[in-house]
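*Asks:* With my numbering applied, the sequence shown corresponds to residues 7 to 204, in that order.
Ideal placement from N, C-alpha and C gives every residue a C-beta, glycine not left out.
This is the structure I want to talk about, given as structure tokens.
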Amino acid sequence: TFESRAKRINRYLKQWGATGFRSPLMHHRLDWLHSLDIAYDSSTFDTDPFEPQPDGLGTIFPLWVERKIANPESLTANQENQISDRRSAISGGKSKKPNGYVELPYTLPQDSTLFLLLRESSNAIWKEKTAWIARQGGMVFLNTHPDYMDFKGNGNASSFPISYYADFLQHVKESYGGQYWHATPDRVASYFVGCGDR
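The following block contains the structure:
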């Protein structure tokens, strides 16, 4: 069951000092993730019909996933304290949100989809969608796979040139310099719950 796996995942989260989670292949059941000691999850996307589970969130913004307790009156004092302690530990005791976590959907097509599945020969789609997201004031979140990047110029079918990624980063820096916050997911989650600075 996921509950038994969650205990093991939580041990790894603690051991590695991690505050977030992302499932393989973007499989997600957001209600299950309340069993994890996380501040954020990034196992979803705004829209992506090429994912095995293609039910996108339909948003380019972070989303609060509140823990729903079916019968709050049935919680023992000990259970309430455990929930409160977990939330406090994750946020450093500063969270202004109720029990839950921040969902950070990726908002640009994944590199593997764009360059390996669809065989795109440029990063133009990333640039076009970034421009649209910027006009909406949304979050550009790109999930990349270094194992698919061709760092040596070998040019095989199971990788794509690192220049696609490097050029995109340069484009963002030159086109949007001073207009964006370049942050890690844990900093975005901390800011979203009201306990972090930009």
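Suppose the cutoff is 8 Å on Cβ atoms and the five residues either side in sequence are ignored; what does the same chain contact list for V108 look like?
*Replies:* Looking up residue 108 in the sequence shown gives position 102. Closer than 8 Å at the Cβ level, and outside the excluded window around V108, lie A45, Y46, D47, P68, L69, W70, V71, V194, A195, F198, V199.
*Asks:* Counting C-beta neighbours from all protein chains within 10 Å, is the total for L123 16 or more, i.e. buried, or is it exposed?
*Replies:* For the purposes of this step, residue 123 is taken as residue 117 along the sequence shown, with counting starting at 1. Result: exposed.
*Asks:* Counting pairs of Cβ atoms below 8 Å between the region 11–18 and the region 165–184, do you hit three or more?
*Replies:* Too few Cβ pairs lie closer than 8 Å, so no.
*Asks:* Would you call the CB atoms of P111 and F147 closer than 8 Å?
*Replies:* Taking the sequence shown and counting its residues from 1, one reaches residue 111 at position 105. Taking the sequence shown and counting its residues from 1, one reaches residue 147 at position 141. In contact: P111 and F147 (Cβ atoms closer than 8 Å).
*Asks:* Measure the alpha-carbon distance for P55 versus Q21 and round it to whole angstroms.
*Replies:* One-based indexing of the sequence shown puts residue 55 at position 49. One-based indexing of the sequence shown puts residue 21 at position 15. Looking at the two C-alpha atoms, the distance is approximately 35 Å.
*Asks:* Let me know if P191 comes out buried or exposed under the rule of 16 or more other beta-carbons within 10 Å of its beta-carbon.
*Replies:* Taking the first residue of the sequence shown as 1, we reach residue 191 at position 185. Burial call: buried.
*Asks:* When we look at the beta-carbon of H188 and count the other beta-carbons within 10 Å, is it buried (16 or more) or exposed?
*Replies:* Here residue 188 corresponds to residue number 182 of the sequence shown, with the count starting at 1. Exposed, since its Cβ has fewer than 16 Cβ neighbours within 10 Å.
*Asks:* Can you give me the C-alpha to C-alpha distance between F166 and A130, rounded to a whole angstrom?
*Replies:* On the sequence shown, position 160 is the one that residue 166 refers to. On the sequence shown, position 124 is the one that residue 130 refers to. About 14 Å.
*Asks:* Who are M155's beta bridge partners in DSSP?
*Replies:* Start at 1 with the first residue of the sequence shown, and residue 155 comes out as number 149. Looking at the DSSP assignment, M155 forms a beta bridge with F166.
*Asks:* Using the Cβ count rule (16 or more neighbours within 10 Å means buried), how would you classify H33?
*Replies:* In the sequence shown, residue 33 corresponds to position 27, counting from 1. Classification of H33: exposed, given that the 10 Å Cβ count is below 16.
*Asks:* Could you name the residues that DSSP lists as bridge partners for F51?
*Replies:* Within the sequence shown, numbered from 1, the residue matching residue 51 stands at position 45. In DSSP, F51 forms a bridge with Y112.
*Asks:* Determine the closest residue to T25 out of G106, E9, S127, G64, with distance taken between C-alpha atoms.
*Replies:* Looking up residue 25 in the sequence shown gives position 19. The residue with the shortest Cα to Cα distance from T25 is G106.
*Asks:* In chain order, what residues of the same chain lie with their CB nearer than 6 Å to the CB of V178, ignoring the 5 residues before and after it?
*Replies:* Taking the first residue of the sequence shown as 1, we reach residue 178 at position 172. Same-chain partners within the cutoff: there are none.
*Asks:* Exposed or buried, what is S164 when buried is set at 16 or more other beta-carbons lying within 10 Å of its beta-carbon?
*Replies:* Stepping through the sequence shown from its first residue, residue 164 is reached at position 158. Label assigned to S164: exposed.
*Asks:* Using only alpha-carbon positions, find the residue among D37, I66, P58 that is nearest to K74.
*Replies:* For this step, residue 74 is matched to residue 68 along the sequence shown. Minimum Cα distance to K74 is reached at D37.
*Asks:* With burial defined as no fewer than 16 other Cβ atoms inside 10 Å of the residue's Cβ, what is the status of F157: buried or exposed?
*Replies:* The residue labelled residue 157 in the question sits at position 151 within the sequence shown. It counts as exposed.
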